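Report on one structure; see the data block that follows.
In full-length UniProt numbering, the protein residues as written are 1 to 166.
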């Protein structure tokens, strides 16, 4: 990828914006070609980022696993994004993150030439730390919102898929 970019990854600038500050988001999106949003819960922190990206003709990718957010963004912004040629890609690689992190750890730690890696994942109640259930607070908050507002999903889908019925 560095060859394709023509520069090293550490030379690519990282921009930080405040999801509570629309001007901050617009400034970020105006200076980027692609925003990778990893700040959840997305129903709280995501829509402004999507809106700013579309407004500034900047592509958008996230790692969201919140169906209400993803489908609401599609309902609200898909047409505008398509008309502007802006890609909005939610939930990109969300299930591959644990595997990717493990492979990266092995690659950095392995003494010698690494030619293949087989990945096995197991979910254990205590996160493997022996301290009880272990989950990131943002992930937990996202899960609570998804479950608490699950009835909202049906309403969104009725509106969203009504567009595609013949």
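We put the CB at the ideal spot given by N, CA and C, even for glycine.
Every value quoted in this text rests on a predicted model; they were computed, and no experiment measured them.
- Message: My output table needs one value for residue 114: the three-state DSSP class, helix, strand or coil.
- Response: coil
- Query: In this structure, does DSSP put residue 87 in helix, strand or coil?
  - Reply: coil
- Message: Tell me which residues share the same chain as residue 146 and place their Cβ nearer than 6 Å to its Cβ, disregarding the 5 neighbours each side in the sequence.
- Response: 66
- Task: Measure how close the beta-carbons of residue 34 and residue 58 come, nearest whole angstrom, since I'm counting them as under 8 Å.
- Result: 7 Å
- Query: For residue 40, is the classification buried or exposed, using 16 other Cβ atoms within 10 angstroms of its Cβ as the cut-off for buried?
  - Reply: buried
- Message: Quick check on the DSSP output: the alpha helix (DSSP H) that includes residue 60 runs from which residue to which?
- Response: Looking at the DSSP string, residue 60 is not in any alpha helix (DSSP H); the run it does join, the beta strand (DSSP E), is 59 to 62.
- Closer than 8 Å by C-beta to residue 27: which residues in its own chain qualify, once you throw out the five before and the five after it? Chain order, please. 17
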